[in-house]
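For what it's worth, this note's numbering labels the leading residue of the sequence shown as 124, then goes sequentially.
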Amino acid sequence: MAMVDDIERVLISKETISECCERMGKQIEHDYEGKNPIIIGLLKGCEPFMSDLVKNIGCYIRTDYMDVSSYVGTESIGHIIIKKDVDFDVKGQDVIIVDDIIDSGQTLHDIIKFLKDRGAKSVEAAILLSKNVARKHEIDVKYVGTTVENEFVVGYGLDYNESYRNLGFIGVLKKEVYEK
Ligand code: IMP
Ligand code: MG
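Below, the structure written as structure tokens:
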């Protein structure tokens, strides 16, 4: 069976994703002209989005990546484990974090704090999907692609058990896939 046969329905088409990347890229270009920001993608989910987004930014930028896992040790205290740190020194720099989706807001909250503690001049976020849920942390995401309802989505960087990141669109899996 082909990978695409695991998809029950398409939520966000390739065309819509492409429109989001174009619009967000132009906004970033407008806001950061002359500032040479560091755009930090969060691995691995950011990858297709980061790649398409940066091609739509026409001003000077620098790119970097972080790989973090976020876990909650006790009830409300978030911790991040840094698996891959940024190569740039972010002190005094304008930073934009790029990720596939914001759900509880925990990951973004922790990373923003981490980068600000290191002395970043400004930290904003560019997130393709905003999940329509009550956030654990209210975060002002400056650049948002589009919203999705509270269901588990895959494709275009988003995985289920490390698969489906390579789909060109975003969709919902068939129920039987979870029951395999
Ligand atoms: P948060 O820390 O709860 O905001 O979650 C953000 C991270 O959880 C994202 O970067 C994704 O890796 C993962 N995630 C949240 N919702 C989904 C989903 O619907 N599909 C796949 N991954 C998800
Ligand atoms: Mg992720």
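All residues carry an ideal CB built from backbone N, CA and C; glycine is no exception.
Nearest-angstrom Cα separation, counted from residue j out to residue i
i	j	result
Y266	G148	9 Å
D175	S141	8 Å
C182	D208	25 Å
P171	Q150	19 Å
E138	S192	31 Å
I130	G215	44 Å
H184	E299	According to the sequence shown, residue 184 is Ile rather than His. Approximately 43 Å between the Cα atoms of the pair.
Same chain, Cβ closer than 6 Å to residue i, five either side skipped, listed in chain order
i	result
I219	P160, I162, E247 and A249
H179	According to the sequence provided, residue 179 is Asn. The question's His does not apply to it. Excluding sequence neighbours, N179 sits near C144, E145 and G148.
G164	M173, Y188 and V221
R288	G280 and D282
V213	L238, R241 and A243
V256	N273
Cut-off 7 Å between Cβ atoms - residues of its own chain near residue i, not counting five sequence neighbours on either side
i	result
L134	V271, V276, I293, G294 and V295
R258	S227 and G228
E156	C182
Check whether residue i and residue j have beta carbons under 9 Å apart
i	j	result
V127	M173	no
I235	I262	yes
K158	D217	yes
beta-carbon residue i near ligand 1 non-hydrogen atom, thresh 8 Å
i	result
Y279	no
L134	no
Y283	yes
* On the three-pair Cβ rule with 8 Å, is the segment 234 to 242 touching the segment 271 to 288? -> Between the segment 234 to 242 and the segment 271 to 288, the count of C-beta pairs closer than 8 Å stays below three; the two stretches do not touch.
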